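Asks:
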Amino acid sequence: MPELPEVETVKRGLHKLIIGHKISAVSNDNPKSFPNALNDVAQFMVNANIIDVRRRAKVLLIDLSTKYTLVIHLKMTGQLVFVNKLDRFGAGHPSSSLINELPDKSTRVIIDFKGGSHLYFNDQRKFGWVRLIPTLEVSNMSFMMKVGPEPLEADFTASEFANRFKRRARTTIKAAILDQTVIAGVGNIYADESLWGAKIHPSRLVNTITKSEFTELYKQVRLIMNLAIEKGGSTIIDYVNAEGKKGGYMSFARVFRREGLACSRCGNEIIKIKVASRGTHICPYCQQL
DNA sequence: CACTTGACCTGTCCGC
DNA sequence: TGCGGACAGGTCAAGT
298 MPELPEVETV KRGLHKLIIG HKISAVSNDN PKSFPNALND VAQFMVNANI IDVRRRAKVL
358 LIDLSTKYTL VIHLKMTGQL VFVNKLDRFG AGHPSSSLIN ELPDKSTRVI IDFKGGSHLY
418 FNDQRKFGWV RLIPTLEVSN MSFMMKVGPE PLEADFTASE FANRFKRRAR TTIKAAILDQ
478 TVIAGVGNIY ADESLWGAKI HPSRLVNTIT KSEFTELYKQ VRLIMNLAIE KGGSTIIDYV
538 NAEGKKGGYM SFARVFRREG LACSRCGNEI IKIKVASRGT HICPYCQQL
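For the first sequence, the numbering used here assigns the number 298 to the initial residue and increments by one for each residue that follows.
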């Protein structure tokens with residue numbers, strides 16, 4: 298699921314829903330999903346207030362009044378869903394909702410708030426995780442130390458974008474754009490969408506991409522991920538926002554999971570290939586080697 | 001260092 | 001209907 302636009306959508310939702318809430322209890326059914334020792338949770342989470350919700354790359358950061366931060370990675374199937382005590386999923390729930398009743402069998406961590414609302418961390422495949430870390434130490438985590446710049450920041454330039462790829466000169470552009478140490482936040486959906494937008498074949502080697510192609514790719518990454526945020530992200534199977542609702546970007550997708558359909562630019566058939574051992578969608582006419 | 005592959009998990013879908 | 005295999009939004013640890 299969660300690439301930058303999905304994590305940003307969850308962040309915005311949680312920002313509205315949980316700031317100011319006080320944690321009353323925490324439970325965890327899977328040690329790998331939340332490996333912190335119970336005494337840390339008791340000491341630094343219970344009775345803490347939520348003071349901010351942030352995002353860096355595909356990672357969510359929930360800052361607590363104890364100067365600890367919940368660092369959360371949703372990986373492929375993670376969800377963070379807030380349920381107010383008055384909400385009732387099921388009969389009458391919005392058709393865009395994927396969530397019927399929580400907790401369910403994918404629920405790994407439950408954070409209860411005073412007043413009776415709950416935050417559920419669900420994760421079918423158990424790749425995702427939650428960690429409780431002192432706020433000042435978050436930037437020292439190994440992932441944070443090596444992750445690349447945020448591509449949607451206003452001051453992030455096309456030349457900086459191109460320069461980041463020099464470290465991956467002899468690999469494919471698809472592998473490089475998915476590399477989080479090059480650019481933060483691009484995953485398989487937005488890699489394919491952006492490469493189609495820039496008319497670049499994903500198997501092209503980085504050192505064959507021209508400066509003007511990098512500039513176009515930079516523009517497409519920003520255009521497409523900003524649009525995806527506006528549409529609330531992409532739901533393939535599992536992704537939902539903080540209210541349990543699907544994202545709307547997939548109806549705007551131009552290649553991702555559209556194999557067999559016509560390219561909206563030239564009418565040729567979109568195909569699915571494998572690049573960097575990832576399923577990859579291209580228009581073989583618009584994106585040539 | 002740069003690069004590739006397998007591993008981590010569960011569930012679903014497809015072909016036999 | 002059942003069963004094996006491939007595949008799925010992401011990262012790591014190993015290997016070359």
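Where a beta carbon is used, it is the ideal one built from N, C-alpha and C, also for glycine. As the structure is a computational prediction, the values presented were derived from the model and not from experiment.
On the criterion of 16 or more Cβ atoms from any shown chain inside 10 Å, does residue 484 qualify as buried, or is it exposed?
Replies: Residue 484 is buried by the Cβ-count criterion.
Asks: Rounded to the nearest angstrom, what separates residue 518 and residue 304 at their Cα positions?
Replies: If you take the alpha carbons of residue 518 and residue 304, they lie about 16 Å apart.
Asks: In its own chain, which residues sit with a C-beta less than 8 Å from the C-beta of residue 329, not counting the 5 before and 5 after it?
Replies: If we look at residue 329 and ignore the five residues flanking it on each side, its Cβ neighbours are 423, 426.
Asks: Determine the direct distance from the alpha carbon of residue 321 to that of residue 465, and round the result to whole angstroms.
Replies: About 47 Å.
Asks: Please list, in chain order, all residues of the same chain as residue 421 whose beta carbon is under 8 Å from its beta carbon, the five residues on each side excluded.
Replies: Counting only Cβ-Cβ distances below 8 Å, and skipping sequence neighbours, we find 374, 403, 535.
Asks: Drop a sphere of 10 angstroms on the beta-carbon of residue 550, count the other beta-carbons inside from all chains shown, and report buried for 16 or more, exposed for fewer.
Replies: Under this definition residue 550 is a buried residue.
Asks: By how many angstroms is the C-alpha of residue 380 removed from the C-alpha of residue 492?
Replies: So the alpha carbons of these two residues sit roughly 38 Å apart.
Asks: Taking the alpha-carbon of residue 555 as reference, which of 486, 349, 511 has the nearest alpha-carbon?
Replies: Residue 486 is the option with its Cα nearest to residue 555.
Asks: Pick from 545, 575, 584, 570: whose alpha carbon is nearest that of residue 563?
Replies: Out of 545, 575, 584, 570, 584 has the C-alpha closest to the C-alpha of residue 563.
Asks: Between the region 572-581 and the region 452-462, do three or more beta carbon pairs fall short of 8 Å?
Replies: No, because fewer than three Cβ pairs between the region 572-581 and the region 452-462 fall closer than 8 Å, the two stretches do not touch.
Asks: Give a yes or no on contact between the region 307-316 and the region 330-342, applying the rule of three or more CB pairs nearer than 8 Å.
Replies: No, they do not touch.
Asks: So, are the CB atoms of residue 546 and residue 557 less than 7 Å apart?
Replies: Taking 7 Å as the Cβ cut-off, residue 546 and residue 557 do not qualify as a contacting pair.
Asks: Based on the DSSP output, what are the partners of residue 559 in its beta bridges?
Replies: In DSSP, residue 559 forms a bridge with 566.
Asks: Determine the extent of the alpha helix (DSSP H) in which residue 512 is found, giving its start and end residues.
Replies: Residue 512 -> alpha helix (DSSP H) spans 508-527.
Asks: Which residues mark the beginning and the end of the alpha helix (DSSP H) in which residue 340 is found?
Replies: Taken as a continuous stretch (DSSP letters only), the alpha helix (DSSP H) holding residue 340 covers 335-341.
Asks: Determine the extent of the beta strand (DSSP E) in which residue 351 is found, giving its start and end residues.
Replies: Taken as a continuous stretch (DSSP letters only), the beta strand (DSSP E) holding residue 351 covers 347-353.
Asks: So residue 462 packs on residue 444, CB below 8 Å; how close in whole Å?
Replies: Not confirmed; about 15 Å, so no contact.
Asks: Measuring CB to CB, does residue 541 end up less than 7 Å from residue 532?
Replies: Result no, Cβ atoms of residue 541 and residue 532 do not sit closer than 7 Å.
Asks: When we look at the beta-carbon of residue 450 and count the other beta-carbons within 10 Å, is it buried (16 or more) or exposed?
Replies: With fewer than 16 Cβ atoms within 10 Å of its Cβ, residue 450 is classed as exposed.
Asks: Per DSSP, what kind of secondary structure is residue 410 in: helix, strand or coil?
Replies: Here residue 410 sits in strand by DSSP.
Asks: On the criterion of 16 or more Cβ atoms from any shown chain inside 10 Å, does residue 442 qualify as buried, or is it exposed?
Replies: By the 10 Å Cβ count, residue 442 comes out exposed.
Asks: Who are the Cβ neighbours of residue 475 in its own chain at under 6 Å, not counting the five residues just before and after it?
Replies: Same-chain partners within the cutoff: 488.
Asks: Can you give me the Cβ contacts of residue 338 inside the same chain, cut-off strictly under 7 Å, excluding the 5 residues immediately before and after it?
Replies: Result list for residue 338: 323, 429, in chain order.
Asks: Mind checking residue 317: buried by the 16 CB within 10 Å criterion, or exposed?
Replies: Looking at its Cβ environment, which holds fewer than 16 other Cβ atoms inside 10 Å, residue 317 is exposed.
Asks: Please tell me whether residue 469 and residue 509 are closer than 7 Å, where the distance is taken between their beta carbons.
Replies: Taking 7 Å as the Cβ cut-off, residue 469 and residue 509 do not qualify as a contacting pair.
Asks: Between residue 440 and residue 494, what straight-line distance do the alpha-carbon atoms span, to the nearest angstrom?
Replies: Cα-Cα distance, rounded: 29 Å.
Asks: Which same chain residues, not among the five before or five after residue 581, have their C-beta less than 7 Å away from its C-beta?
Replies: Excluding sequence neighbours, residue 581 sits near 565, 568.
Asks: Below 6 Å CB to CB, which residues in the same chain sit around residue 416 once its five sequence neighbours on both sides are set aside?
Replies: Result list for residue 416: 379, 408, in chain order.
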